[in-house]
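542 is the number of the first residue of the sequence shown in our numbering; add one for each residue after it.
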Amino acid sequence: MSITLDKRVDDFIGTDRQLFIDGKWVDAASGQTFVTPNPATGDALATVAEGGAEDIDRAVRAARRAFDDGPWASMTPYDRGRLIWTIGDLILEHGEELAQLETLDNGKPYSVALGADVPLAAQLFHYMAGWATKIEGNSINISVPYAPGANFHAYTLREPIGVVGQIIPWNFPLLMAAWKLGPALATGNCVVLKPAEQTPLSALLLAELIAEAGVPNGVVNVVTGFGETAGAALAAHDGVDKVAFTGSTEVGKLIVHAATGNLKKLTLELGGKSPNIVLGDADPEVAIAGAANAIFFNHGQCCVAGSRLFVQEGIFDEVVDGVSEVAKSIKLGEGMDPETQMGPLVSDEQLQRVTGFLDSGKQEGATARTGGGRHGDRGYFVEPTVLTDTRPDMRVVREEIFGPVVVAAPFESIDDIAKVANDTPYGLGAGIWTRDISKAHALAKKIRAGTVWINCYNIFDAALPFGGYKESGWGREMGHQVLEAYTELKSVCAQL
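This is the structure in structure tokens:
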């Protein structure tokens, strides 16, 4: 039996959703709309305004007014922090609505949306609210060789960058909006947010909560639409001072090119093909559960998913068989069914992508220990899959699949595994499973990745910086490190 839909959610999806620009709900300039489907059925879920370049321009101009002349510019950091904290409180207050929207629009189980996405989003705003009063500069004693005897007072200021364009993905829509908005607001910036066209709904409800919190008009604007139109226009807009993007590495490279017009600042959180390494001395039971979580959480639609499983030879079959048994036991179904453990992929496009990789793996000689294809004929479901007998040159090993598919391979020596693990253009995450903590830390130093988990996986906290090496991105999300990505550093020098 499915969870009863909240009446407020039913009303929300039953009403055509507009753009949120300058504190008002408005239609797209073109009058066009698009339908966001329910991935569990493929049926229409809600109708949403299709923003384009003109709407992006309206939103950017609203954000510029709010930044230059509005009350946001003169608001004290303390008051700004209080508003940001209130957003976190409102997310918790409306947690069930947000979780149901996330489940309907993205497909993930309601229990996951309510237990992980909602509280982590609230935590992010609460954490960042505290930083609003702690954006500080430094005083510096300087000595100038060509001005002997002169006395100077020198100091630095950290100031907001200005208008920030933020483009977020569909795998964690609410949480990614929080990751982006929290630090931008804490540092005093104004934002134009473009949610993924596959999952626009939670961002629109979040805009309502932001307005309810008392954030001034124009500070946060939400323009729904497609990446090729609205997203591209936002990335290239000369009125935008910075773009923060989370998504695929391929699109990230397009964002880099689009930003060259006015050399706007960029942060990019991109793809991954993360190694998950089980050493021979690991607790097999713990490693099996951890390896399964690393790849099957959120249907494998995680940029940091542990999609390459390396197991030391002595326990390879035990661990791979164990992960395969976990995969077989996972109950697939609609996210609103309380018994569901894994929902559908987000879209038909993603279904075709993942099943295409599975076909490629089979053609190149990989063996499916379990899974290996589509589940059912309605909705966008894929079987949790474990592939063995792979080679390093296979597409399923080299490329990001972004689905519940793990490739497993044995290794002989711990001395060689770091080189194998690093043999990828990505460097977002990694996992290490062992009882020997010295080995774990020694190996963690050798892994070229932004996050290395030891005897755990998918552990996130607002205070823990997150980002990637190599083609997995530029800069960091979360932690105090993210504040640098949303501020300019100014030096001031006065002769006394």
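All residues carry an ideal CB built from backbone N, CA and C; glycine is no exception.
- Between Leu716 and the set Pro885, Leu655 and Trp626, the nearest pair of CA atoms involves Leu655.
- Here the alpha carbon of Ser743 sits roughly 37 Å from the alpha carbon of Lys1031.
- In this structure, the beta-carbon distance from Leu734 to Asn762 falls below 8 Å.
- Using a Cβ distance threshold of 8 Å, Ala603 and Asp563 count as a contacting pair.
- Phe713 sits in coil when the DSSP states are folded into three classes, being neither helix nor strand.
- Asn647 carries a helical assignment under DSSP once its states are collapsed to helix, strand and coil.
- In this structure, Ile818 and Ala950 do not form a Cβ contact; the two beta carbons are roughly 11 Å apart against a cut-off of 8 Å.
- The beta carbon of Val923 sits closer than 7 Å to those of Leu886, Leu892, Val895, Thr896, Arg915, His916, Gly944 and Pro945, all from its chain and outside the five residues before and after it, given in chain order.
- Under the 8 Å Cβ criterion, the stretch 798-817 counts as touching the stretch 847-857, having at least three qualifying pairs.
- Less than 8 Å separates the beta-carbon of Glu637 from that of Asp547.
- By the Cβ test, the stretch 619-636 is not in contact with the stretch 551-570, since fewer than three Cβ pairs between them sit closer than 8 Å.
- Beyond the five residues adjoining it in sequence on each side, Ala773 comes within less than 7 Å, by CB distance, of Ala799 in the same chain, given in chain order.
- Distance from the CA of Ala959 to the CA of Gly968, rounded to the nearest whole angstrom, comes to 12 Å.
- Taken through DSSP and simplified to helix, strand or coil, His778 comes out as coil.
- Under DSSP, Met883 shares a beta bridge with Leu873.
- In this structure the stretch 818-837 does not lie against the stretch 794-808, because fewer than three pairs of beta carbons, one per stretch, are closer than 8 Å.
- Val947 is the residue among Val947, Ala909 and Glu940 whose C-alpha sits nearest the C-alpha of Gly841.
- If you draw a 10 Å sphere on the C-beta of His694, you find fewer than 16 other C-beta atoms in it, and that means exposed.
- As the crow flies, the alpha-carbon of Glu890 is around 33 Å from that of Ile988.
- Distances from the alpha-carbon of Ser789 to those of Gly766, Gly592 and Cys844 put Cys844 closest.
- Among the bridge pairs identified by DSSP, Trp994 is matched with Gly972.
- Residue range Lys783 to Thr787 is occupied by the beta strand (DSSP E) that includes Ala785.
- Excluding sequence positions up to five before and after Ile628, its CB lies within less than 7 Å of the CB of Phe666, Leu750, Ile751 and Ala754, all in the same chain and listed in chain order.
- Looking at the DSSP output, Ile681 bridges to Ala695.
- Here DSSP, grouped into helix, strand and coil, assigns Asn817 to strand.
- The residues Phe837, Ala868, Ile871, Gly912 and Pro945, in chain order, have a CB closer than 6 Å to that of Pro925 in the same chain once the five nearest residues on each side in sequence are set aside.
- A residue is called buried when at least 16 other Cβ atoms come within 10 angstroms of its Cβ; Glu1018 meets this threshold and is buried.
- The Cβ-Cβ distance between Gly863 and Ile829 falls below 8 Å.
- Using a 10 angstroms sphere on the CB of Gln641, the tally of other CB atoms reaches 16 or more, which defines it as buried.
- Beta bridge pairing from DSSP links Lys1011 with Tyr967.
- According to the DSSP assignment, Val895 belongs to the alpha helix (DSSP H) that extends over Asp889 to Gln904.
- A distance of 8 Å or more separates the beta carbons of Tyr1010 and Asn834.
- In this structure Gly572 does not touch Val764 by the C-beta definition: roughly 15 Å separates them, more than the 8 Å allowed.
- Annotation for Ser680: Tyr696 place their beta carbon closer than 6 Å to its own, counting only its chain and skipping 5 residues before and after.
- With fewer than 16 other CB atoms across the displayed protein chains lying within 10 angstroms of its CB, Arg549 is exposed.
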